[in-house]
Amino acid sequence: MPFLQCKHDRLFYVLESSGGEEKETIVMIHTNVTDHMLFDEVVPFLKEQYNVLRYDLRGLGQSDGGDALFTYEQYVSDLRFLIRELNLTSVHLVGFGLGALIAARFTALYGEWVQKVVLIAMPCNPPHLIEKVRKHRREISRFGTVVPVDYIIDMSTVLPKEDARVVKLRETVSKTPVSTYAKLMDLSVSATPLTDLRQIQKPVLTLSGDKDLVFPPHFLEASTMYLPNFRHMRIAHSSTFTVIDQPEVTAQLILHFLQESQVEKEVLDDFLTSMYEDVRLYTKQVYDIGIGKVDERYHNEIHIDFLSSFHVQINGKVVMNGWNKRFAKQLFLYLVFHPSTTREAICDAMWPDMPIQQSRKNLRVYLSYLKSLIQIDNNKEPILLMDREHIYVKAHISGDGIKLNEALQLALHESDHLKRFEACKKVLDLVQNVLPIRPVLYDDWFLEVHDRVELQITDIILWMADWLFEHEAAAAIEHIQTYLPLIQDEFALRDKLEEFQIRSAHEKSMKE
1 MPFLQCKHDR LFYVLESSGG EEKETIVMIH TNVTDHMLFD EVVPFLKEQY
51 NVLRYDLRGL GQSDGGDALF TYEQYVSDLR FLIRELNLTS VHLVGFGLGA
101 LIAARFTALY GEWVQKVVLI AMPCNPPHLI EKVRKHRREI SRFGTVVPVD
151 YIIDMSTVLP KEDARVVKLR ETVSKTPVST YAKLMDLSVS ATPLTDLRQI
201 QKPVLTLSGD KDLVFPPHFL EASTMYLPNF RHMRIAHSST FTVIDQPEVT
251 AQLILHFLQE SQVEKEVLDD FLTSMYEDVR LYTKQVYDIG IGKVDERYHN
301 EIHIDFLSSF HVQINGKVVM NGWNKRFAKQ LFLYLVFHPS TTREAICDAM
351 WPDMPIQQSR KNLRVYLSYL KSLIQIDNNK EPILLMDREH IYVKAHISGD
401 GIKLNEALQL ALHESDHLKR FEACKKVLDL VQNVLPIRPV LYDDWFLEVH
451 DRVELQITDI ILWMADWLFE HEAAAAIEHI QTYLPLIQDE FALRDKLEEF
501 QIRSAHEKSM KE
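Take 1 as the starting number for the sequence shown in full-length UniProt numbering and just add one per residue.
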């Protein structure tokens with residue numbers, strides 16, 4: 001069987017084609033209660049003209065789950081590994097459900113690897129309804145103790161139960177581990193993919209069934225209809241699983257989209273061209289104004305700075321006092337880094353040496369205090385949402401640390417050297433006035449984050465130095481000397497400086 005070894009875990013994949021000629025490749029990514037066979041009915045229509053790569057997501061089908069957490073970062077990393085190992089230079093992505101979210105995140109990060117994207121049944125709920133959806137999914141799974149097979153089948157397809165395709169789907173869904181289902185369903189319904197979608201520059205087609213009640217497409221369509229690279233289509237007589245309800249129609253729409261030439265026919269009528277752009281921009285303005293009013297009414301905004309000093313604003317109001325009581329500062333920072341977590345995880349991180357029963361008892365008191373401290377606007381939705389096991393932060397979180405982390409990830413994952421150099425410069429611009437970064441908290445979990453960020457910054461400085469040295473040795477040496485007194489791991493920078501000085505002297509002697 002075809003497996004790829006990804007560190008300690010195996011990823012199962014199937015690569016299919018018809019004929020021997022060289023073809024472009026479609027990578028198909030399934031959703032969270034299925035495996036690669038979800039696309040069995042569609043692949044025969046596609047493989048005549050494309051290589052078709054399918055694989056089982058980590059923790060599903062024949063792929064290992066391993067010890068890794070089920071996160072978008074992990075799934076994007078797995079996809080990147082798969083494409084690299086199979087030597088695929090540029091692909092089309094077709095994602096379904098959770099797979100659509102993975103495809104969108106991957107394309108936002110690695111757009112140069114992707115030609116076109118098809119997103120089917122993509123979860124995209126208005127943010128103020130996410131908790132309502134999450135609560136419903138927990139209830140139908142009896143709070144994570146069962147996989148609601150009957151409910152999923154009944155709500156996700158229009159075919160009769162005795163249809164062979166539905167019987168096959170039922171068997172696949174039934175094999176999903178309960179713990180995996182609970183984690184991945186929460187990951188899916190909690191998604192807010194619009195940030196990723198707006199970063200995508202490649203052509204995107206979204207597909208949904210006209211009878212889909214599980215993932216209604218209205219918010220997704222309204223939020224992206226003004227983007228010139230997006231196209232939306234509904235498939236008649238289909239529910240969520242369009243690839244099962246209407247496989248041939250789904251395949252034909254995918255093929256038409258992928259094969260459509262990107263060379264646009266020249267439009268000679270200036271009036272129509274102008275009108276098209278005016279309507280598009282007006283639609284964007286209508287959306288921005290409308291969503292702004294909704295955000296203002298429902299959503300909470302948290303702004304937290306902690307790179308040089310601890311400063312918090314909730315919905316534009318400064319919260320200055322009360323942070324040194326009942327672990328409020330420590331707990332709030334943990335929740336900023338882990339906005340969806342469990343009581344047990346908090347206790348393990350913050351009080352690892354305390355008996356769990358005692359730490360959970362204390363945590364109830366601390367959470368109650370923190371909730372009263374940060375819920376300063378009673379007209380907004382609650383910021384902290386809690387049940388017996390889970391804690392969620394329902395707010396848009398921004399701040400210097402969040403901005404730095406986003407910039408770091410962009411810089412570290414950029415493959416184009418010139419773009420990466422510019423991204424690295426932006427990182428250093430953000431930390432120029434706060435280096436060396438002093439931790440505002442000395443809990444072990446926070447120090448681990450602090451040390452990891454410091455190591456990433458050091459790696460960026462060293463990478464930039466190597467890039468500069470290839471172009472101008474003096475600039476590379478000056479770069480190292482600038483940051484030498486600002487980085488705690490000065491030995492790495494001193495070694496690099498010594499290396500450059502030796503290489504410069506050698507090159508100079510060779511010229512003489």
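All residues carry an ideal CB built from backbone N, CA and C; glycine is no exception.
All figures in this text were calculated on a predicted structure; none of them were measured in a lab.
Check: Start and end of the beta strand (DSSP E) containing residue 535?
Finding: No information on residue 535 is available, as it lies outside the stretch 1 to 512 that the chain covers here.
Check: For the beta strand (DSSP E) that residue 51 lies in, which residues bound it at each end?
Finding: Boundaries of the beta strand (DSSP E) around residue 51: 51-55.
Check: Cα separation between residue 345 and residue 331?
Finding: Here the alpha carbons of residue 331 and residue 345 stand approximately 12 Å from one another.
Item checked: Alpha-carbon to alpha-carbon, residue 232 and residue 246 -> Taking the straight line from one Cα to the other gives about 17 Å.
Check: For residue 75 versus residue 60, is the C-beta distance shorter than 8 Å?
Finding: In this structure, residue 60 does not lie closer than 8 Å to residue 75 by Cβ.
Check: Between residue 23 and residue 118, what straight-line distance do the alpha-carbon atoms span, to the nearest angstrom?
Finding: Annotation: residue 23 to residue 118 spans about 18 Å, alpha carbon to alpha carbon.
Notebook entry, point to check: For the stretch 132-213, which segments carrying the alpha helix (DSSP H) assignment without a break, of at least 4 residues, lie completely within its bounds, in sequence order?
Noted result: The qualifying runs are 149-156, 164-174, 178-189 and 194-199.
Check: Which residues in the same chain as residue 301 place their Cβ atom closer than 6 Å to its Cβ, once the five residues preceding and following it in sequence are excluded?
Finding: In chain order, 315 and 396 place their CB closer than 6 Å to the CB of residue 301, counting only its own chain and leaving out the 5 sequence neighbours on each side.
Next item on the list: Could you pull the start and end residues of the beta strand (DSSP E) that residue 301 belongs to?
Entry: Taken as a continuous stretch (DSSP letters only), the beta strand (DSSP E) holding residue 301 covers 301-305.
Note to self: Nearest by alpha-carbon distance to residue 209: which of 120, 42, 486 and 201 is it?
What the structure shows: The shortest C-alpha separation from residue 209 is found at 120.
Next item on the list: Answer yes or no: do residue 96 and residue 204 have a C-beta to C-beta separation smaller than 8 Å?
Entry: Contact flag unset, no.
Note to self: Mapping the DSSP letters down to three states, classify residue 95 as helix, strand or coil.
What the structure shows: Here residue 95 sits in strand by DSSP.
Check: Using DSSP with H/G/I as helix, E/B as strand and the rest coil, what is residue 250?
Finding: Three-state DSSP puts residue 250 in a helix.
Item checked: Span separating the alpha-carbon of residue 513 from that of residue 197 -> This structure leaves residue 513 out entirely; the chain is present only between 1 and 512.
Item checked: Sufficient close CB pairs (3 or more, under 8 Å) joining the stretch 175-192 to the stretch 124-133 -> Yes, the stretch 175-192 touches the stretch 124-133.
Next item on the list: Count the other C-beta atoms from every protein chain shown that fall within 10 angstroms of the C-beta of residue 324, then say buried if there are 16 or more, exposed otherwise.
Entry: It is exposed - the Cβ of residue 324 has fewer than 16 other Cβ atoms within 10 Å.
Notebook entry, point to check: Alpha carbon to alpha carbon, how far is residue 363 from residue 444?
Noted result: Their Cα atoms are separated by approximately 18 Å.
Note to self: Rounded to the nearest angstrom, what separates residue 455 and residue 510 at their Cα positions?
What the structure shows: For residue 455 and residue 510, the distance between alpha carbons rounds to 35 Å.
Next item on the list: Inspect the beta-carbon positions of residue 240 and residue 42 and report whether they are closer than 8 Å.
Entry: Cβ atoms of residue 240 and residue 42: not closer than 8 Å.
Checklist line | Supposed close pair residue 335, residue 391 - CB separation, criterion 8 Å | finding: Contact between residue 335 and residue 391 holds: CB atoms are separated by about 7 Å, below the 8 Å threshold.
Check: In this structure, does DSSP put residue 483 in helix, strand or coil?
Finding: Secondary structure of residue 483 (DSSP, three-state): helix.
Note to self: Please report the distance separating the alpha-carbon of residue 452 from that of residue 372.
What the structure shows: Spanning the two alpha carbons is a distance of roughly 32 Å.
Note to self: By the DSSP assignment, the alpha helix (DSSP H) with residue 39 in it spans what residues?
What the structure shows: Counting along the chain, residue 39 falls outside any alpha helix (DSSP H), and DSSP gives it neither H nor E.
Checklist line | residue 63 versus residue 2 - alpha carbon distance | finding: Cα-Cα distance, rounded: 11 Å.
Next item on the list: Please confirm if the stretch 140-156 is in contact with the stretch 178-187, defined as three or more CB-CB distances below 8 Å between the two stretches.
Entry: As far as the Cβ criterion goes, the stretch 140-156 touches the stretch 178-187, which means the pair count is three or higher.
Item checked: Paired residues, beta bridge with residue 3 - DSSP -> Residue 3 is bridged to 12.
Note to self: Which residue wins for smallest C-alpha separation from residue 157, given the options 238, 83, 109 and 375?
What the structure shows: The alpha carbon of residue 157 has as its nearest neighbour, out of 238, 83, 109 and 375, the alpha carbon of 238.
Margin query: For residue 168 and residue 256, I'd like the C-alpha separation in whole angstroms.
Written below: When rounded, the distance between both Cα atoms is 28 Å.
Next item on the list: Could you pull out every residue in the same chain whose Cβ sits closer than 7 Å to the Cβ of residue 82, ignoring the five residues on either side in sequence?
Entry: Non-local C-beta neighbours of residue 82 in its own chain, meaning closer than 7 Å and more than five positions away in sequence, comprise 4, 11, 13 and 55, ordered along the chain.
Next item on the list: Give the secondary structure of residue 371 by DSSP, where H, G and I count as helix, E and B as strand, and everything else as coil.
Entry: In this structure, residue 371 counts as helix in the three-state DSSP scheme.
Notebook entry, point to check: At least one CB of chain D closer than 8 Å to the CB of residue 498: is that the case?
Noted result: In summary, chain D is missing from the structure at hand, where a single protein chain is found.
Item checked: Beta-carbon separation (whole angstroms), residue 51 vs residue 90, contact threshold 8 Å -> Not confirmed; about 12 Å, so no contact.
Notebook entry, point to check: From what residue to what residue does the beta strand (DSSP E) around residue 230 run?
Noted result: Segment 230-235, the beta strand (DSSP E) holding residue 230.
Notebook entry, point to check: Below 8 Å between beta carbons: does that hold for residue 404 and residue 486?
Noted result: Not in contact: residue 404 and residue 486 (Cβ atoms no closer than 8 Å).
Margin query: At the level of alpha carbons, what is the spacing between residue 326 and residue 367?
Written below: In a straight line, the C-alpha of residue 326 is about 9 Å away from that of residue 367.
Notebook entry, point to check: From this set, 236, 401, 199 and 113, which residue's C-alpha is nearest residue 224's C-alpha?
Noted result: By alpha-carbon distance to residue 224, the top candidate from 236, 401, 199 and 113 is 199.
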